[in-house]
Structures are given as C-alpha cells and as structure tokens.
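Single-structure report; data block below.
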Amino acid sequence: MPTTDFLKNRAVPVVLFVALALIPVYAQVFDDRFVMLFATRILILAIAALSLGFILGLGAMVSFGHAAYLGLGAYAVGILAYHDIWEAWISFPAAILVCAVFAAVTGAISLKTRGVYFIMITLAFGQMAYYTATSLSAYGGDDGLTMWGRSEFFGTSVFSNDTSFYWLVFGTLLAAFLFLKMVAASRFGRVLKGAKQNEARLQAIGIDPFAYRLTAFVIAGVIAGLAGALMANQAEFVAPAYMSWHRSGELIVMVVLGGMGYLHGAIIGAVAYLVLEEVLSGYTQHWRLIFGPLLILVVLYARGGILGAIKGRAP
Amino acid sequence: MNQPVLDLKKLNKAYGALKVTKNVSLTVASGEIHAVIGPNGAGKTTLIGQISGALRSDSGRVFFAGRDVTGLSVAKRAQRGLGRSFQITAILPDFSVLENVALGVQAKAGHSFRFLRPAAKDPRLNAKALECLDAVGLRARSKVRAGDLSHGEKRVLELAIALAGNPKLLLLDEPMAGAGPEETARLVSVLAALKDRIPILLVEHDMDAVFKLADRISVLVYGEVIASGGAEEIRQNPAVREAYLGTEDNA
Amino acid sequence: MSATLLAVQTLNGLQLGVLLFLIAAGLTLVFGVMDFINLAHGVQYMLGAYLAVAAYQTTGSFWSALLLALVLSLFFGLVLEFFVFRHLYDRDHLDQVLATFGVILFLNEAVKVVWGAAPLSLPIPELLGGSIQLMENLRYPVYRIALIASGLGVAVLLYVLVTRTRIGMLVRAGATNPDIVAALGVNIRRLFMIVFGFGTMLAGFAGIMAAPILSVEPGMGDNLLILAFVVIVIGGIGSIRGAFLAALLIGLVDTLGRSLTTDVARMLLPPAAANDVGPAIASMLIYILMAGVLFFRPSGLFPAGRS
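Protein chains in written order, with the numbering used here: chain A, 1 to 315; chain B, 316 to 566; chain C, 567 to 873.
Laid out in structure tokens, this is it:
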C-alpha cells in the first residue's frame with residue numbers, strides 16, 4: 001500500500017529535511033544566530049557522516065579513516081586561499097580531486113583486505129594524512145592555517161553570509177542524500193548490498209565486487225571532501241585536528257547511533273551526537289566521561305540505533 | 316562428435332604432502348548429467364573448487380566451452396557461463412527471492428556501473444528473473460525475503476540464481492543436501508527437465524537421485540577417479556562396491 | 567649523518583620498537599585468540615604509566631611502583647573485561663570498535679579528571695641512572711638500554727610461553743583455528759581471561775617503562791595504538807614472531823626515517839623546500855611500508871594460519 005510505504009520509507013527523511021529547512025526561519029524570528037551557526041556545523045558533519053553511512057551501511061566497509069577526507073577537503077580550500085585563490089569553482093573541484101585520488105589509492109590497498117585488517121589499515125592511512133598535515137610547516141603545521149576570509153562563488157559572497165551559507169550546506173546535504181539514495185537503489189547499489197551479504201555468491205554469478213567497492217569508497221571520499229571544503233569555510237581555519245582519528249571514530253558513532261539500515265540514519269546520528277555533545281558539555285567540560293559509557297551502553301543494548309528504536313526493530 | 320562443454324585434463328592438487336586430487340580427467344558433454352560420487356574426504360569439494368576457479372590447480376587444465384579457463388578467476392569463469400550452486404546454501408538472505416535472481420540476470424547484462432535507474436523496477440531484469448523462478452516453480456514466493464525461505468526452497472532458489480545467468484553448464488555441489496523427500500523429488504524433476512538445455516556436473520550424496528538422473532557417473536576415491544560409466548556399470552563395478560556403495564547402503 | 571648519530575638513532579629506533587612490541591603483542595594475542603579488536607589497548611598502556619606515577623608518589627620507590635602498577639594494571643584490565651569486553655566477544659568488529667572507542671573516550675577523560683591535563687613524569691630509578699660509554703663519542707642512558715633489554719627479555723619469555731607451554735599451544739591453536747580449541751574441551755572463558763590479562767599487563771608494563779622517558783599525559787596511548795596496528799598488520803594478525811619483527815622494523819624505519827629523509831631531501835632539493843618535504847615524507851614512511859607489505863603479502867609477513 002502506497003500510504004504505509006510512504007510512512008515506512010519516506011516520512012522520516014521528509015520530516016527531517018523540512019525541519020532542517022525551518023531552522024533559518026526560526027533563527028530569523030527569534031534572532032538566534034547561535035542556532036544558525038550550530039546547525040550549519042551539524043549539517044556539514046552530517047554530510048561526512050552520510051558519506052560514511054553509505055559505504056558502512058551498504059557495503060559493510062568500516063572505514064576508520066574517514067576524517068582524512070574532511071581534512072583533505074579543508075586543506076585544499078585552505079591552502080589555495082593561502083595562495084590567494086578564493087574562487088570556489090577552483091577550490092572545490094581541487095578538494096574533490098585530491099579526495100578522489102587519495103581514496104582511489106588507499107582504497108585499492110585497503111579493499112584487498114577484509115574485516116579487522118580493513119579497519120586497521122584505513123585507520124593507519126587516516127593517521128598518515130594527519131601526520132603529513134602536522135609536518136606541513138609552510139601551512140601552519142601542528143597549529144593549522146587561518147584563512148582570512150571565505151571562498152567566493154564567481155565573486156559573490158554566498159559563503160560569507162550566514163543564511164546563504166546555511167542554504168548552501170543544506171543544499172549540498174540534500175543533493176548528496178538524494179544522489180546516494182539513487183545510487184543505493186541502482187544496479188550498482190544492488191551489487192554493493194549483495195556483496196555485503198555473500199561475496200562468494202557474487203563471484204559465482206560472475207561479479208567481482210572489488211571495483212564496485214572501490215568506486216563506492218571513492219564516492220564516499222569525495223562527498224566527505226566536500227564537507228571538509230565547507231568546514232574550512234565555516235571555521236575560516238584548517239588544522240590537522242580535522243583528520244584526527246577521534247573524528248573518524250565520531251563519524252562511525254554518528255552512523256551507528258542514527259541507525260545503519262538507512263541513509264538518513266547517518267544524518268539523524270550526526271544531529272543527535274552533536275546536540276548531545278552540546279548539551280552534555282553545558283553541564284561539564286568532562287562530558288566524555290558521560291558520553292563514553294553511554295556509547296558502550298548503546299552498543300550493548302540498542303543495536304538498531306535511533307531509527308531502530310523508532311521503528312521498533314532493527315531493519 | 317561435438318566437443319565436450321567441460322573438459323578436465325589431469326587435474327592435481329595437494330596440500331603439503333596430502334594429495335587431494337590425483338590426475339582427475341573427466342568431461343561433461345552437452346545434454347548429459349555427469350555425476351561425481353565418492354565417500355567423504357574423496358576430494359569432491361576440492362575438485363569443485365578447481366573447476367569453479369576458487370582453488371588453483373597444481374597442474375592440469377580446465378577447458379570450458381572450448382576455451383582454456385585454467386588461469387581465470389571464479390567471476391571470469393562465471394561470466395563465461397559456468398553456473399553453480401554451493402554445498403552450503405549461498406543466497407543473499409536480505410534480498411527478496413526475486414531480487415536474488417534479478418541480480419543473477421544483472422550479472423550477465425554487462426557491467427553494473429549503472430547508477431541512475433532503480434534496479435528493483437527494471438523490467439528487463441525482473442521479467443527474465445520471473446521466468447527462471449517459473450522454471451523451478453518458485454514464482455509464488457518471489458516477494459518473500461530469501462532468508463525466510465525453507466531450507467529446500469533455498470536450494471531451489473540457488474538453482475534459479477544459477478539459471479538466471481544463462482549458464483552453459485551447471486556445477487551443482489550436493490543440491491539435495493538437507494532437502495526433504497518432497498523437495499528432493501521436485502529438484503530431481505527440475506534437473507531432469509533442464510539437462511537437455513543445460514548439461515550438469517552433479518556432485519551428490521543422495522544415491523537414489525544420482526542413479527535416477529545421471530547419464531554417466533564417475534567415482535572419486537582418495538582423489539582418484541576409480542571408475543566411470545553408466546549407472547548399471549557403476550553398480551556392478553566391484554571396486555566401487557567395495558570402496559563406496561557398500562558403506563553407503565547403510566547410510 | 568655521522569656514525570655516532572646513526573648509532574644513537576638506531577638505539578632510539580630499537581627502543582620505540584620494543585615499546586611497540588609490548589603493546590602489539592597483547593593486541594595481536596587477544597585478537598588472534600578471541601577475534602576481538604580492542605582499541606582500548608592504547609589507553610591501558612596510558613593507564614599503566616599513570617598508575618606508575620601515582621604509585622611512585624605514595625611509595626617513593628620506582629621498583630615498588632613498578633610492581634604495584636603492574637598489579638593495578640591487571641586489576642583494571644580485568645574490571646574492564648568483566649564489565650565491557652566479555653560482552654563483545656561474540657559481536658561483530660564494528661560493535662567492538664565502537665564500544666572500545668567509548669572506553670577510550672572515558673579513560674582519556676578520566677585521567678584528566680584525576681591527574682589533570684598537564685604532563686607528569688616519573689624519575690629514572692637511581693640504579694639505572696646515568697649513561698655509559700658505548701663507543702668513542704657515544705654515551706647512551708642506562709635506563710634506555712635497560713628498557714630495550716627488558717623488552718627483548720619479554721620477547722624471549724613470550725616465545726618460551728607460546729612455544730613450550732600448554733597455554734601457549736592453545737593460544738597458537740586458537741589463533742589458527744578457534745573451533746579446534748573449543749572442541750578440545752578447554753574452558754574458553756578462562757583461556758580468554760588469561761590471554762586478556764596477560765595482554766593487559768604487557769600494555770601496562772610498556773606504559774610503566776615508558777613513563778620515565780616519555781611525558782605521561784592523556785591520549786599518550788592513542789598514537790602508539792595506531793602504530794601497534796601497523797605493526798600487527800605488517801607482522802600478521804595473531805603472530806607473536808611477526809609482531810616482534812614488525813615492531814623493530816617500524817621502530818627503526820620511523821626513527822631513522824625522521825633523521826634521514828631531510829638529509830636525503832637536502833641532496834635533491836633546495837634547503838628550505840627540503841626542510842618542508844623531508845618531515846612530510848618521514849611521517850608517511852611507515853604507512854608506505856605497510857602498503858608495500860600488504861601489496862605483496864595481503865595477510866602480513868607471518869600470518870598465524872600458516873606458521
């Protein structure tokens with residue numbers, strides 16, 4: 001039945017995006033700049049979480065180095081800005097290119113392996129990107145690089161105005177979501193989902209999943225790189241900390257917290273994680289003392305994540 | 316005389332000092348079911364691996380559909396038309412029955428780097444998939460989650476998945492294993508109906524099914540083919556009786 | 567680079583390698599036997615260092631601090647095992663990663679609350695103070711030599727335990743084929759406890775030994791944990807021998823690489839560029855090494871299943 005189908009598959013993401021679209025209205029009416037900036041930051045990380053959720057949920061690729069792409073995207077924008085190139089039409093494609101190459105090379109090596117090897121190797125490559133950034137003394141090294149401004153879009157200041165920047169981030173998230181949703185339903189997505197369930201079966205019908213996994217890995221890297229490019233603009237600052245393995249861990253937490261069976265789970269997870277962090281850190285600067293055990297409890301007892309809890313069972 | 320579809324020439328495989336297959340040569344011609352039987356540990360699973368491409372042979376060659384496929388991977392051999400079922404059922408449990416078979420169709424319809432159109436609604440895939448489900452009598456269950464099928468239905472589904480790839484040969488690894496008597500009867504009639512179109516290499520424990528279906532039977536003992544011939548010939552062969560059938564009668 | 571500097575860097579590399587081995591050994595044993603990926607292994611190393619500092623503050627003696635911290639490391643490890651880890655053994659790796667990540671967040675923060683965020687240190691014991699003349703122009707601190715020696719001692723001990731004892735046999739069998747161990751009627755729970763406790767003590771021991779020469783601070787285990795992963799990946803999961811050789815390899819390549827790459831870069835590039843490029847390449851070196859090893863040997867140099 002179409003109505004229950006809608007309730008099952010469409011209602012949550014539609015409500016989610018409508019709610020996100022209302023935030024600028026709320027900020028306008030109540031003159032609340034903080035909510036606007038906070039929401040922008042959430043959505044940027046949601047883009048990165050979404051891209052990770054795509055390979056994690058569809059392809060069971062537990063990449064523990066996903067923050068590297070946030071950093072690479074951010075550094076592409078930051079370094080170009082340092083050399084006085086502010087045009088987004090140059091810096092964003094540069095970010096995409098850098099991330100695609102990094103994902104293709106590290107993915108080709110990591111995806112030859114499985115399971116724990118894959119987790120450790122992606123973690124190690126993420127760390128490689130991190131330490132490379134700290135050793136870039138020309139671009140601030142450990143301390144990072146301050147950008148004295150934001151990207152321009154054919155000379156316009158889309159990036160500099162809070163509201164238009166929010167819409168830009170929102171649009172990127174929505175576009176990424178719709179794109180990945182389409183890919184998930186396509187023949188390509190079906191191969192990924194099949195390979196996750198039984199690789200031997202796929203080989204036996206004549207499909208070697210490697211190239212498909214690698215392509216998905218590159219797609220995810222590029223989308224996370226876009227998030228990084230946006231993040232550099234939001235913070236007007238880039239630093240190795242963007243790629244720390246804690247950030248990679250947080251991205252995985254977001255995906256699992258939201259619920260892995262659905263692409264929008266990652267977005268919900270990002271919102272939940274960052275709001276929880278904000279609330280907990282309002283009580284104490286040692287909020288991790290609470291969050292750590294909370295995470296353990298979620299893993300042990302709430303396996304479907306937030307969406308799993310909403311729907312009553314894990315998908 | 317036309318060329319056999321599958322032609323194994325002196326396949327060998329050893330693990331350390333243990334020789335698991337020794338100079339195994341056999342053929343499958345079009346229109347026939349060639350069964351391979353043998354006691355546990357005879358090297359049947361290893362042989363299947365060597366044919367499918369999962370295991371690399373130490374020596375010997377595998378010719379399939381007139382081409383030497385010895386160096387090809389599992390996926391490449393499947394692309395050339397080698398369809399197979401597994402001893403331990405290998406289906407995609409979270410997909411629907413239809414989707415399992417449709418992926419088999421998709422695998423043969425060129426590469427799958429197609430990102431735009433939803434695969435689930437693709438009539439080109441689904442029509443052919445339903446046809447294959449019809450052929451094995453599983454169409455009524457097409458919308459069921461494959462993981463929720465009964466054990467016997469899963470075995471039949473595997474066959475449908477293999478058929479979806481328009482195979483030139485079916486390599487079936489104990490398709491009756493774990494199936495009930497009714498399901499076995501159904502599988503036997505399905506396979507009997509198929510063999511004119513698609514030759515079959517059948518590795519099977521169920522002797523009744525083997526003697527009912529097979530045109531030729533090869534007996535594998537300790538990695539060696541000790542006898543090969545028609546059903547009656549094999550039944551009468553004293554070496555076979557001693558090595559194999561005598562013990563299997565009680566099972 | 568002079569011969570003296572090369573010798574010093576080699577010793578420094580060995581020292582890092584030994585520390586890495588102590589951490590990687592526990593990690594690879596636990597993974598090999600229990601199929602359990604424990605990200606919290608790095609914070610257990612950190613905890614060892616903090617416990618040593620705390621024990622020294624109460625007892626005033628390095629040696630009793632060593633002993634006390636070792637016992638306490640084991641105790642806290644078993645507490646973690648009881649409350650968290652044992653519920654994860656039959657979960658998938660993703661769950662294990664997440665839950666142990668939660669343990670990291672908690673413990674890194676907890677040491678901050680208890681001991682503050684500022685780095686602490688542990689004085690070198692008098693017995694191992696000073697330095698000795700190794701070559702002409704080369705004096706090397708006794709403590710660092712003792713650290714290398716103790717690491718090598720642990721390696722020998724582990725080798726004997728794994729190859730000569732019943733538990734060791736079970737550990738080796740478990741890494742290759744866990745079902746067989748279960749079929750032998752072994753009490754798996756107890757075997758897990760022993761292996762886990764042993765791994766924890768090794769990590770704690772590494773932390774204690776590192777405390778006098780490295781700064782004791784929150785997060786000090788994170789970096790070593792990831793290096794230990796690289797060690798395990800190169801050495802082959804579950805293989806003690808692989809962990810040992812790979813740890814020394816990584817220790818040497820990383821340490822020597824840091825001093826050599828800039829020199830090499832200076833030969834090829836103008837000095838300013840060399841000073842930028844050298845460190846960047848040096849920090850990538852071990853990861854490139856890992857990628858290279860994996861390319862030729864996807865399951866590491868000494869995969870447990872085969873040796």
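For glycine and all other residues, C-beta sits at the position ideal for the given N, C-alpha and C.
- Within the DSSP secondary-structure output, G398/B pairs in a beta bridge with L485/B.
- In this structure, the beta-carbon distance from S51/A to A224/A falls below 8 Å.
- When C-beta distances to chain C are compared with 7 Å, the residues of the segment 136-157 of chain A below that value are L136, S137 and A138, in chain order.
- Remark: three or more beta-carbon pairs, one from each stretch, lie closer than 8 Å, so the segment 23-30 of chain A and the segment 156-173 of chain A are flagged as touching.
- For L571/C, the enclosing alpha helix (DSSP H) covers residues A569 to M600.
- Between G194/A and L418/B, the C-beta spacing is below 8 Å.
- Within the model, the alpha-carbon separation for R213/A versus T342/B is close to 37 Å.
- Straight across, the Cα-Cα distance linking T146/A with T666/C is about 34 Å.
- Assigned with DSSP and collapsed to three states, S533/B falls in strand.
- If you draw a 10 Å sphere on the C-beta of A777/C, you find 16 or more other C-beta atoms in it, and that means buried.
- Annotation for L413/B: A444 and S457 place their beta carbon closer than 6 Å to its own, counting only its chain and skipping 5 residues before and after.
- If you draw a 10 Å sphere on the C-beta of H426/B, you find fewer than 16 other C-beta atoms in it, and that means exposed.
- Around the beta carbon of D829/C, a 10 Å sphere encloses fewer than 16 other beta carbons of the protein chains shown; the residue is thus reported as exposed.
- In the three-state reduction of the DSSP assignment, G765/C falls in the helix class, which pools H, G and I.
- G71/A is positioned such that its CB atom lies no closer than 8 Å to that of M254/A.
- The Cβ atoms of G206/A and G381/B lie no closer than 8 Å to each other.
- Excluding residues up to 5 positions away in sequence, V596, F651, L654, Y655 and Q662 lie with their Cβ nearer than 8 Å to the Cβ of F602/C in the same chain.
- At the C-beta level, A185/A and P433/B come within 8 Å of one another.
- Within the same chain, no Cβ atom closer than 6 Å to the Cβ of I779/C is found once the five residues on either side in sequence are excluded.
- In the structure shown, the three-state DSSP call for S164/A is helix.
- When A350/B, V505/B and V555/B are compared, the shortest CA-CA separation from L448/B is found for V505/B.
- With a cut-off of 8 Å on Cβ pairs, the segment 584-598 of chain C is in contact with the segment 809-826 of chain C, counting three or more such pairs.
- Within the segment 121-187 of chain A, no run of beta strand (DSSP E) at least 3 residues long lies entirely inside it.
- Distance from the CA atom of E446/B to the CA atom of T361/B, rounded to whole angstroms, is 33 Å.
- Here DSSP, grouped into helix, strand and coil, assigns H466/B to helix.
- Setting aside the 5 residues that flank it on each side, M260/A is surrounded in the same chain by G57, each with a C-beta closer than 6 Å to its C-beta; the list follows chain order.
- At least one CB atom of chain C sits nearer than 8 Å to the CB of Q127/A.
- Selection Y69/A, S248/A and H264/A evaluated against I306/A yields H264/A as nearest (Cα-Cα).
- Shown here, V351/B sits in a strand according to DSSP, grouped into three states.
- It is roughly 19 Å from the alpha-carbon of R395/B to the alpha-carbon of S372/B.
- Within the segment 175-205 of chain A, the residues whose Cβ lies closer than 8 Å to some Cβ of chain B are M182, V183, A185, S186, R187, F188, G189, R190, V191, K193, G194, Q197, N198, A200, R201, L202, Q203, A204 and I205, listed in chain order.
- Between V797/C and the set D820/C, L757/C and G773/C, the nearest pair of CA atoms involves D820/C.
- M182/A and L431/B have their alpha carbons spaced roughly 6 Å apart.
- Annotated three-state conformation of R863/C is coil, per DSSP.
- The beta carbons of G801/C and A809/C sit closer together than 8 Å.
- Counting C-beta pairs closer than 8 Å gives three or more between the segment 858-872 of chain C and the segment 97-117 of chain A, which meets the contact rule.
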